[in-house]
Amino acid sequence: MRTDMSSMHYLSVAYFGALILYAPIFLVKPCLALDPQSDSALAISNDTNVVLHDIAQQFTFPLGSYSGLEVQDTVSEDGETRGLDLVRRVPPGVSSLGNNQFKTSDIKLGETQWWYFPKESVNGKKSNATSGLPESISDDGTSAQNGSMDELRKREGDIVKRSTSVYLSLTMCSKPEINNTNGTITDSVPALPELNLYVSTSESLQKPGPGQDSSKQKVFTADEGYVGATVQADGDVFIGIAVQNSTAYSGYYTYEIAASIDAYFHSVVDEPFLHFVDSDIHAALLTTDNLTLSEEGSENYQQWMNLTPPFTMFAHNVNDTAISGLERSYCALEQLAQIGKGDRDVEAGMTNRGLGKKPKEQFYITGLNRTSNYSGILAMDGNSTNSGNGIVGGGGRVWKPMYFATKSDDNCAVLFNLTFCSEVAYAVPSNPDLGIAQLGSKYDKYAQSLYKNFSYSLDQIQCNTTNETSFSLAVSCNDCADAYKQWLCAVTIPRCADFSSNDAFLQVRNAGQQFINGSNLSPTDPRRRDPAQNKSRNSMIDDQIRPGPYKEILPCQDICYSLVKRCPAALGFGCPQGKWLSSAYGQRVSSSEITCSYPGAAYDLNAGRSLRESLGWLLLATGSFWLSFWALSVDA
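The numbering of the sequence shown is numbering that gives the first Met the number 0, which starts it at 0 and goes up by one.
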């Protein structure tokens with residue numbers, strides 16, 4: 000009996016084992032598909048179109064070179080390719096870029112490097128491009144800001160699938176060194192080795208560069224440290240960076256490269272937006288162009304005036320070649336410029352001084368060398384409120400350089416931001432023994448004290464009265480007061496130029512006094528006996544400041560004529576005639592050259608074009624010559 004029980008037990012175990020062995024075949028059979036061409040090829044269908052093969056019988060090449068996965072690319076209803084993107088391969092040595100994500104690399108002379116911007120980024124969602132700056136209102140009252148393209152892109156996507164604009168930018172942060180094999184320095188600096196950016200959108204050319212099929216790639220050459228390119232793409236964008244060989248240089252370039260579907264990560268502007276106001280031997284004053292043309296008192300106007308200064312600037316002696324060939328690269332300027340962002344030598348602030356009284360940014364640069372020429376380069380760190388990776392425009396913006404020079408003589412000093420004479424912003428007669436603050440206080444308080452006499456006289460005029468008894472229907476007493484204040488500041492605080500300057504429009508002043516170094520003009524020099532040249536315009540300058548001989552940029556003649564028109568005849572204002580007019584006032588030649596002084600005068604005012612306000616004599620602040628019964632004694 001025990002034997003029968005044991006036999007039945009073993010038989011049950013055998014049946015159960017057989018069931019376990021064959022069950023998978025019966026259960027899985029409905030899911031199996033037999034390849035009609037091969038008895039051994041079975042496939043399991045799924046949504047990813049992955050096919051599992053019997054590798055051993057189907058392939059004769061080494062198993063180590065095959066993953067066992069075959070991607071069957073099909074096209075979905077929305078036109079996108081279906082498959083496993085993870086197995087998509089690019090050639091070795093090609094690095095990827097992300098949207099608004101810059102990468103840094105060193106590249107040797109004669110070398111080529113490759114990058115690619117994947118189609119996932121090309122067809123991805125655009126970033127929010129918010130700079131944080133107020134709108135720039137143009138002269139027709141419309142906003143100069145670019146509207147968002149996201150909504151337009153969405154609407155167009157419903158109509159037809161379009162290619163995407165891809166913005167590629169590269170900035171060169173450093174450059175190779177000149178070869179001085181014989182230990183001598185040549186007079187001329189050889190041209191930098193050319194850096195080219197090659198772009199391909201063809202899958203058959205994934206390593207564009209020198210010697211490749213020109214029909215499948217575009218070439219862009221860096222200029223002054225920058226290259227930007229825009230291509231239309233709906234797939235991968237392949238990029239090659241190539242540098243020419245050179246026997247004159249050795250080493251490598253360091254560069255930043257970025258790709259974006261929003262806007263250039265690094266950008267340049269090929270027009271200047273910075274103007275030179277004036278300088279002395281160690282400092283210079285510069286301003287941007289108008290940032291908006293909104294009316295004073297408007298919300299937009301106040302937003303700009305209350306803004307943290309959005310720009311920065313770099314200054315570099317033109318005789319120093321550190322930034323030569325890299326002037327349009329923000330990272331190069333940040334690293335190599337002699338004076339730049341964050342330096343104690345750069346004082347930035349907002350001002351509405353100058354033509355039109357519109358918001359602008361000013362820069363007071365110190366630490367300069369006397370009798371030297373400098374390049375001044377306006378720039379913006381990122382988009383002014385943020386910078387770096389992930390930020391649209393995070394690589395910064397650079398404007399076209401402008402140029403200025405420092406003075407040679409140490410008896411002129413730049414003054415600005417005075418309390419009373421707020422429109423004064425230029426070099427004035429000075430003495431090295433006086434600090435800038437003390438010098439400014441002397442001039443400003445003196446002008447303010449003289450203005451009181453005028454205000455007493457103006458109080459006697461019937462201003463707030465009926466049209467029948469008013470002195471003028473065209474202008475008011477406020478217009479007269481403004482014009483007089485501008486004139487008073489112009490003649491009380493003259494604009495100073497080097498005595499050594501030979502410009503014909505300059506007027507010699509204070510020739511009878513000693514120079515700062517104790518020397519004198521020759522006793523036979525006729526300028527010592529000429530009353531228009533042997534003293535300053537007013538005695539306070541000679542008595543309290545004692546600048547020695549200097550030359551003056553005379554106030555403009557229209558300052559005199561404007562005051563005569565704006566003020567009551569009872570005040571007795573009039574302009575000098577003949578030679579006395581030419582010795583007291585200068586004439587305008589153009590708005591880009593200062594041949595006479597006026598409030599807000601700056602050099603190269605025609606250079607900038609963005610938000611340019613039309614220039615006209617009626618928009619200029621004006622004043623007049625001091626000729627009245629209570630007048631200050633003026634020695635013309």
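All C-beta atoms, glycine included, are put in the ideal place defined by N, C-alpha and C.
None of the values given here were measured: they were computed from a predicted structure.
The Cβ-Cβ distance between Pro548 and Asn516 does not fall below 7 Å.
Residue pairing by DSSP puts Val267 in a beta bridge opposite Val397. Assigned with DSSP and collapsed to three states, Pro428 falls in strand. Cβ-Cβ separation between Gly393 and Phe219: approximately 21 Å, too far for a contact (criterion under 8 Å). In the structure shown, Asn372 falls within a strand segment according to DSSP collapsed to helix, strand and coil. Note that the region 399-407 touches the region 363-371; at least 3 beta-carbon pairs, one per stretch, sit closer than 8 Å. For Ala228, no alpha helix (DSSP H) encloses it; the enclosing beta strand (DSSP E) starts and ends at Tyr225 to Ala232.
Here Ile338 is actually not in contact with Cys420; their C-beta atoms are around 28 Å apart, not less than 8 Å. If you draw a straight line from the Cα of Val89 to the Cα of Lys340, it is about 40 Å long. For Phe313, the uninterrupted beta strand (DSSP E) segment begins and ends at Thr311 to Asn316. With respect to Gly375, Ala314 sits close: the two C-beta atoms are nearer than 7 Å. As the crow flies, the alpha-carbon of Val588 is around 7 Å from that of Thr594. In chain order, Ala510, Arg526, Arg527 and Pro548 place their CB closer than 7 Å to the CB of Leu520, counting only its own chain and leaving out the 5 sequence neighbours on each side.
With fewer than three CB-CB distances shorter than 8 Å, the region 191-199 does not count as touching the region 286-295.
Under the criterion of beta carbons closer than 8 Å, Glu551 and Ala496 qualify as touching, at roughly 7 Å. Straight across, the Cα-Cα distance linking Gln576 with Arg396 is about 51 Å. Of the residues Lys102, Asn388, Leu457 and Gln361, the one whose Cα lies closest to the Cα of Leu414 is Gln361.
Looking at the DSSP output, Phe237 bridges to Tyr115 and Ser199. Taking all protein chains shown into account, Lys217 has fewer than 16 neighbouring C-beta atoms within 10 Å of its C-beta and is therefore exposed. Take Asp443, set aside five residues on each side of it, and the residues of its chain with a beta-carbon closer than 7 Å to its own are Leu417, Thr418, Phe419 and Cys420, in chain order. Membership of Leu204 in any beta strand (DSSP E) is not indicated, and neither H nor E is assigned to it by DSSP. Beta-bridge annotation (DSSP): Lys107 is paired with Tyr251.
Between Pro554 and Ser596, the C-beta spacing is below 7 Å. As a beta-bridge residue in DSSP terms, His274 pairs with Thr286.
The Cβ-Cβ distance between Thr170 and Ser383 does not fall below 7 Å.
If you ignore the 5 residues before and after Ala282, its C-beta comes within less than 7 Å of the C-beta of Tyr363, Ile364, Thr365, Leu367 and Val413, all in its own chain and listed in chain order. A distance below 7 Å between beta-carbons, with the five flanking residues on each side excluded, links Lys174 to the following residues of its chain, in chain order: Leu191, Tyr252, Gly324 and Leu325. The beta-bridge partner set that DSSP reports for Arg494 consists of Ile552.
Sequence-distant partners of Gly234 (beyond 5 residues in either direction) whose C-beta falls short of 6 Å from its own C-beta, in its chain, are Lys118. Taken through DSSP and simplified to helix, strand or coil, Ser214 comes out as helix. If you draw a 10 Å sphere on the C-beta of Asp277, you find 16 or more other C-beta atoms in it, and that means buried.
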